[in-house]
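Residue numbers (the working numbering): -14 to 81. The beta-carbon is built from N, C-alpha and C at its ideal position, and this holds for glycine as well. No experiment lies behind these values; they were computed from the predicted model shown. Following: one structure in structure tokens, then a few remarks.
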Amino acid sequence: LFPYHPGATYKPVDAPKENLRALHGLLGFDRSVIVQATCHGTENAATLDAIATSNGRWRGVAIVDEDFSERDFETLHEGGIRGIRFSFARHLSGPP
């Protein structure tokens, strides 16, 4: 449903939002912050989709780049994003 970024070196197993919701129910969590995975790059659709189905209980942290416009940031905020993830080091699965 949400494909990985073509250059992704990190490709985790599928982790549907329904599994997260079930885990939160088991643990008794009411609220959560979802951090965008690097495997999706700056395509934040998976995070935004999960937030949209959370009945206001989840917020998110997005990955952006220099091409994001003011409107893009507004759209992220409207979708429940409240923070930006910065990566200053290469991913550990690749060469230094």
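Under the three-state DSSP convention, the category Arg6 falls into: Arg6 falls in the helix class under three-state DSSP.
With 8 Å set as the bound, which would you pick, yes or no: does the beta-carbon of Arg42 sit closer than that to a beta-carbon of chain C? Absent from the structure: chain C. Only one protein chain is present.
Round the Cβ separation of Ala35 and Trp43 to the nearest angstrom and send it over; I've been treating them as touching at under 8 Å. With 8 Å as the limit, Ala35 and Trp43 qualify as a contact, their Cβ atoms being about 6 Å apart.
Quick check on Ile19: does DSSP put it in helix, strand or coil? In this structure, Ile19 counts as strand in the three-state DSSP scheme.
Within 10 Å of its beta-carbon, does Phe73 have 16 or more other beta-carbons around it, so buried, or fewer, so exposed? With fewer than 16 Cβ atoms within 10 Å of its Cβ, Phe73 is classed as exposed.
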